[in-house]
Amino acid sequence: METQEDENEESSDDDADEVDGDEDEQEQEADSHAATKSAKKPTAMLSGNLLKKLVRVPLNMSLETHMENLKARPSAAEAYAAAMSYPRNIVENRFQDLELDGRPVVVMPYATEENVKVVTDALKEFDSSYDPKLRSKSQLRNMPFIEEFLTSPDHCRITPFTFELRMCDEQGCKICARIKRKIRTPDVEVDGYNLREEVLRWQDLPVPNPFDNDHYLPAKEARVHIDTKGVSLEALKQFIPTSKGDSEEQKAVKYSKTLDKGHSFAASKLRATVPCDSCGAVRCIFSDNDVDTKKGPSTIILERLVGQLENGYICGNPINEEGGLFVKMQIRCGDFIESQ
Numbered sequence: 018m019e020t021q022e023d024e025n026e027e028s029s030d031d032d033a034d035e036v037d038g039d040e041d042e043q044e045q046e047a048d049s050h051a052a053t054k055s056a057k058k059p060t061a062m063l064s065g066n067l068l069k070k071l072v073r074v075p076l077n078m079s080l081e082t083h084m085e086n087l088k089a090r091p092s093a094a095e096a097y098a099a100a101m102s103y104p105r106n107i108v109e110n111r112f113q114d115l116e117l118d119g120r121p122v123v124v125m126p127y128a129t130e131e132n133v134k135v136v137t138d139a140l141k142e143f144d145s146s147y148d149p150k151l152r153s154k155s156q157l158r159n160m161p162f163i164e165e166f167l168t169s170p171d172h173c174r175i176t177p178f179t180f181e182l183r184m185c186d187e188q189g190c191k192i193c194a195r196i197k198r199k200i201r202t203p204d205v206e207v208d209g210y211n212l213r214e215e216v217l218r219w220q221d222l223p224v225p226n227p228f229d230n231d232h233y234l235p236a237k238e239a240r241v242h243i244d245t246k247g248v249s250l251e252a253l254k255q256f257i258p259t260s261k262g263d264s265e266e267q268k269a270v271k272y273s274k275t276l277d278k279g280h281s282f283a284a285s286k287l288r289a290t291v292p293c294d295s296c297g298a299v300r301c302i303f304s305d306n307d308v309d310t311k312k313g314p315s316t317i318i319l320e321r322l323v324g325q326l327e328n329g330y331i332c333g334n335p336i337n338e339e340g341g342l343f344v345k346m347q348i349r350c351g352d353f354i355e356s357q
């Protein structure tokens with residue numbers, strides 16, 4: 018028969034167990050709360066303003082029709098690929114008649130998701146700390162092996178016009194060893210040149226023609242000049258033309274800015290849009306006063322101008338400013354699409 022004292026001891030032990038259990042649960046909840054609080058919030062995939070625009074049903078349209086219209090829109094990847102088709106076609110058209118060492122220039126199609134996966138998998142194998150979210154130069158230090166590769170003058174060369182990677186073919190190279198394969202090009206002579214050395218050779222950069230300041234040497238002559246004169250990479254970089262050094266273009270942009278003075282390019286002044294025939298970017302047509310007002314352009318004038326520009330317009334070209342219509346003159350192909 019249990020005594021009252023024994024019952025009290027058992028009750029006390031049970032209470033102690035319950036208290037310990039409560040404390041454990043509180044500690045777990047506190048740890049969980051701390052972990053949740055310290056965890057970074059997920060990056061928003063869609064801005065609030067854009068989401069509001071998408072879910073807003075236009076007047077005189079049913080919700081079902083609006084949903085069907087949204088589903089019919091292209092995805093971001095499809096829209097980007099379509100937008101890139103314009104500059105790609107421009108490059109193809111301009112380069113289709115050019116040759117490099119007797120070979121026609123070929124513009125490769127946009128990389129597929131499968132192509133991208135092959136590259137990302139290889140980078141992950143090369144450097145286990147590889148993260149596709151790390152894209153700026155300052156973040157390279159978080160991927161030490163990739164940083165070592167890109168900063169090695171024997172394996173990577175970057176200029177304003179080129180980006181080259183290669184294996185160095187040096188015995189005991191730790192960087193090449195991480196690639197986990199050897200150079201497959203045979204070490205043989207072909208037409209007086211070593212085939213392996215030709216494959217591993219950096220691309221020859223343009224060299225100005227000493228007898229014609231407006232042109233460059235042909236590729237073969239540039240190679241001979243680089244080899245015989247021992248021209249350094251830094252010296253070759255100085256020969257590469259840049260838009261910043263184009264005084265005529267600088268003057269044109271400066272003059273265009275003076276023409277834009279006095280005009281307002283606010284969204285409230287937007288009257289129509291027109292695509293550029295060269296880059297395909299949509300550009301805006303403005304007027305200070307509303308259409309069909311006393312001082313503003315008429316609908317007929319606006320429609321006539323849009324029709325004319327659709328038959329031929331390049332970014333930055335002047336337009337007939339009848340009725341007070343105008344475009345941003347300083348804008349150029351390659352500039353961002355106006356946010357209006």
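Residue 18 is where the sequence shown starts when you use the working numbering, and the numbers rise one by one after that.
Ideal Cβ placement from N, Cα and C applies to all residues, glycine included.
Nearest-angstrom beta carbon gap, residue j and residue i [assumed within contact, 8 Å]
i: Asp-305; j: Ser-281; result: 6 Å
i: Thr-202; j: Arg-218; result: Contact flag wrong, Cβ pair sits at about 11 Å.
i: Ile-257; j: Pro-223; result: 7 Å
i: Thr-316; j: Cys-301; result: Actually they are not in contact, since the Cβ atoms of Thr-316 and Cys-301 sit about 17 Å apart, beyond 8 Å.
i: Leu-326; j: Ile-318; result: Not a contact, Cβ separation roughly 13 Å.
i: Ser-146; j: Met-160; result: 5 Å
i: Ile-196; j: Phe-143; result: 7 Å
i: Met-346; j: Leu-276; result: 5 Å
i: Glu-181; j: Cys-190; result: Glu-181 to Cys-190, Cβ: 17 Å. No contact.
For residue i, the nearest candidate out of the options (CA to CA)
i: Phe-178; options: His-232, Lys-141 and Gln-255; result: Gln-255
i: Gly-351; options: Pro-126, Glu-339, Gln-325 and Cys-293; result: Cys-293
i: Glu-215; options: Asp-186, Asp-231 and Phe-162; result: Asp-186
i: Asp-251; options: Asn-77, Ile-175 and Glu-206; result: The residue asked about is misnamed: residue 251 is Glu in this sequence, not Asp. Nearest C-alpha to Glu-251: Ile-175.
i: Glu-355; options: Glu-338, Asn-337, Gly-333 and Glu-339; result: Gly-333
i: Asp-221; options: Phe-112, Ile-243 and Lys-154; result: Ile-243
i: Ile-348; options: Lys-271, Met-160 and Ala-128; result: Lys-271
i: Gly-279; options: Val-344, Leu-253 and Pro-314; result: Val-344
i: Gly-119; options: Ser-295, Val-248, Ser-285 and Pro-235; result: Pro-235
i: Tyr-127; options: Arg-111, Leu-342, Ala-99 and Lys-141; result: Ala-99
i: Arg-105; options: Ser-295, Lys-312, Asp-307 and Gly-324; result: Ser-295
i: Glu-116; options: Val-299, Val-241, Asn-211 and Lys-237; result: Lys-237
Collapsed DSSP secondary structure at residue i in the structure displayed
i: Ala-289; result: strand
i: His-232; result: strand
i: Phe-178; result: coil
i: Lys-54; result: Note that Lys-54 has pLDDT 45, beneath the 50 cutoff, so the model's placement of it is unreliable and no number is given.
i: Leu-342; result: strand
i: Asn-66; result: helix
i: Asn-159; result: helix
Exposed unless 16 or more other CB atoms sit within 10 angstroms - verdict on residue i
i: Gly-329; result: exposed
i: Leu-87; result: exposed
i: Arg-288; result: buried
i: Leu-322; result: buried
i: Pro-314; result: buried
i: Gly-340; result: buried
Whole alpha helix (DSSP H) elements within the region 242–314, 4-residue minimum: 250–256 and 264–277
Tell me the start and end of each unbroken alpha helix (DSSP H) in the region 179–209 that is at least 4 residues and wholly inside, in chain order. DSSP runs (the alpha helix (DSSP H)) wholly in the region 179–209: 191–196.
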